[in-house]
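Below: one structure, written as structure tokens.
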Amino acid sequence: MTLLRVGLTGGIASGKTTAARRFAELGATVIDADEVARALVEPGMPALTEILARFGDGVQGADRRLDRRILRERVFRDPDARRDLEAILHPRIRAEMAARVAAATGPYVILVIPLLVEGGRRDDLDRILVVDVAEETQRRRLLERDRVSPEIADAMLAAQARRAERLARADDVLSNEDGLEALRAGVDALHRRYLALAAAHPSPRSPGPDGPQDR
């Protein structure tokens with residue numbers, strides 16, 4: 030039997046990580062694309078070798094690890110560079126996430142995928158959950174959290190799907206405008222819903238990134 034798979038997404042600085050952490054506390058298996066990506070670019074990994082070949086040693090810190098801040102600023106200034114980075118990382122991320130889904134236990138799986146909407150149709154997901162905030166809230170949080178310049182913040186926001194696009198794809202929406210306790214309460218309510226859906230989840234279904242989807 031394949032577990033219910035929920036794709037959790039949202040704009041940058043919307044609160045995806047906080048929501049995912051609460052789902053994990055409640056017992057869901059959480060697989061985060063950003064965490065997978067960080068593992069894939071550890072020293073000695075093939076992805077890091079390809080990134081250095083494309084972008085040069087300037088994106089590598091003194092500890093030989095990828096300097097994600099420098100790389101981020103480069104790719105958000107240059108759309109071609111961003112596409113090259115995505116071509117290196119995205120297939121590897123999807124393959125690793127599919128492997129982790131296949132090995133998952135627990136009542137259901139939350140897959141945290143920041144660029145889910147931008148990536149097009151996802152037939153490996155049963156539901157899409159959008160963590161939603163106003164775009165001006167995203168920008169303010171991004172400036173405060175990451176201490177990037179307003180120019181880079183605007184470029185990062187422009188590189189993502191618009192709020193209306195994400196909401197149009199959502200099966201479920203979790204607002205993060207009213208503080209941590211409200212967000213946690215929203216996650217708790219969704220957890221109860223997903224437990225019920227998981228109990229009625231059809232089987233069999235094909236795992237992996239390109240398997241068929243029942244809705």
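If you want the numbering used here, it's the 1-based position in the sequence shown plus 29.
A virtual CB, placed ideally from N, CA and C, is assigned to each residue, including glycine.
Of the listed residues V146, R111, R222, nearest to L55 (C-alpha basis): Numbered from 1 along the sequence shown, position 26 holds the residue referred to as residue 55. When only C-alpha atoms are compared, the closest one is R222.
CA-to-CA distance, Q89 to I99, given in whole angstroms: Looking up residue 99 in the sequence shown gives position 70. Looking up residue 89 in the sequence shown gives position 60. Here the alpha carbons of Q89 and I99 stand approximately 9 Å from one another.
Anticipated Cβ contact below 8 Å, I157 with T47, distance rounded: Mapped onto the sequence shown, residue 157 falls at position 128. Mapped onto the sequence shown, residue 47 falls at position 18. About 18 Å separates the two Cβ atoms, so there is no contact after all.
Enclosing alpha helix (DSSP H) for L209 [first to last residue]: Taking the sequence shown and counting its residues from 1, one reaches residue 209 at position 180. Run containing L209: 209-228, per the alpha helix (DSSP H) assignment.
T78 burial status per 10 Å Cβ neighbour count (16 or more: buried): As a working mapping, residue 78 is identified with position 49 in the sequence shown. Of the other Cβ atoms in all chains shown, fewer than 16 fall within 10 Å of the Cβ of T78; this residue is therefore exposed.
Reduced DSSP secondary structure (H/G/I, E/B, other) of L32: For the purposes of this step, residue 32 is taken as residue 3 along the sequence shown, with counting starting at 1. Three-state result, L32: coil.
Residue of L154, D153, D107, A53 minimising C-alpha distance to I181: Within the sequence shown, residue 181 is the residue found at index 152, counting from 1. Checking every option, the nearest Cα to that of I181 belongs to D107.
Rounded straight-line distance, which links the Cα of H230 to that of L32: By one-based count along the sequence shown, residue 32 stands at place 3. By one-based count along the sequence shown, residue 230 stands at place 201. Near 8 Å, if we compare the C-alpha coordinates of H230 and L32.
R67 and R97 closer than 9 Å at C-beta: Counted from its first residue, the sequence shown places residue 67 at position 38. Counted from its first residue, the sequence shown places residue 97 at position 68. Yes. Within cutoff.
Own chain residues within Cβ distance below 8 Å of E194, not counting five before or after: As a position in the sequence shown, residue 194 is number 165, starting the count at 1. Around E194: V146.
Simplified DSSP assignment, three categories, for R234: For this step, residue 234 is matched to residue 205 along the sequence shown. Because R234 carries a pLDDT of 41, less than 50, the predicted location of this residue cannot be relied on, and the following value inherits that uncertainty. The answer is coil: DSSP assigns R234 none of H, G, I, E or B.
Three-way DSSP call (helix, strand, coil) for L55 in this model: Position 26 of the sequence shown, counted from the start, is the residue given in the question as residue 55. In the structure shown, L55 sits in coil (DSSP, three-state: anything other than H, G, I, E or B).
Pick from L114, V177, R192 that is closest to G76, judged by C-alpha positions: As a working note, residue 76 is residue 47 in the sequence shown. Checking the sequence, you will find Ala at residue 76 rather than Gly. Considering only alpha carbons, the answer is L114.
Integer Cβ distance of I139 from A57, believed to fall under 8 Å: The residue labelled residue 139 in the question sits at position 110 within the sequence shown. The residue labelled residue 57 in the question sits at position 28 within the sequence shown. With 8 Å as the limit, I139 and A57 qualify as a contact, their Cβ atoms being about 5 Å apart.
Pair within 9 Å by beta-carbon distance, A62 and F84: Against the sequence shown, residue 62 aligns to sequence position 33. Against the sequence shown, residue 84 aligns to sequence position 55. Their beta carbons are not under 9 Å apart, which means A62 does not touch F84 by this criterion.
Test item: CB-CB of Y137 and L212 under 9 Å: Along the sequence shown, one-based indexing puts residue 137 at 108. Along the sequence shown, one-based indexing puts residue 212 at 183. It is not a contact, given that the beta carbons lie outside the stated cut-off.
Given V104 as reference, the closest of A187, G44, P120, L209 once Cα atoms are compared: Here residue 104 refers to the residue found at position 75 of the sequence shown. That would be A187, whose Cα lies nearest to the Cα of V104.
Rounded separation between G93 and A49 - CA only: Taking the sequence shown and counting its residues from 1, one reaches residue 93 at position 64. Taking the sequence shown and counting its residues from 1, one reaches residue 49 at position 20. Checking the sequence, you will find Arg at residue 93 rather than Gly. Taking the straight line from one Cα to the other gives about 30 Å.
For A227, the nearest candidate out of A82, G135, I41, V130 (CA to CA): Counting from 1 along the sequence shown, the entry for residue 227 is found at position 198. The residue with the shortest Cα to Cα distance from A227 is G135.
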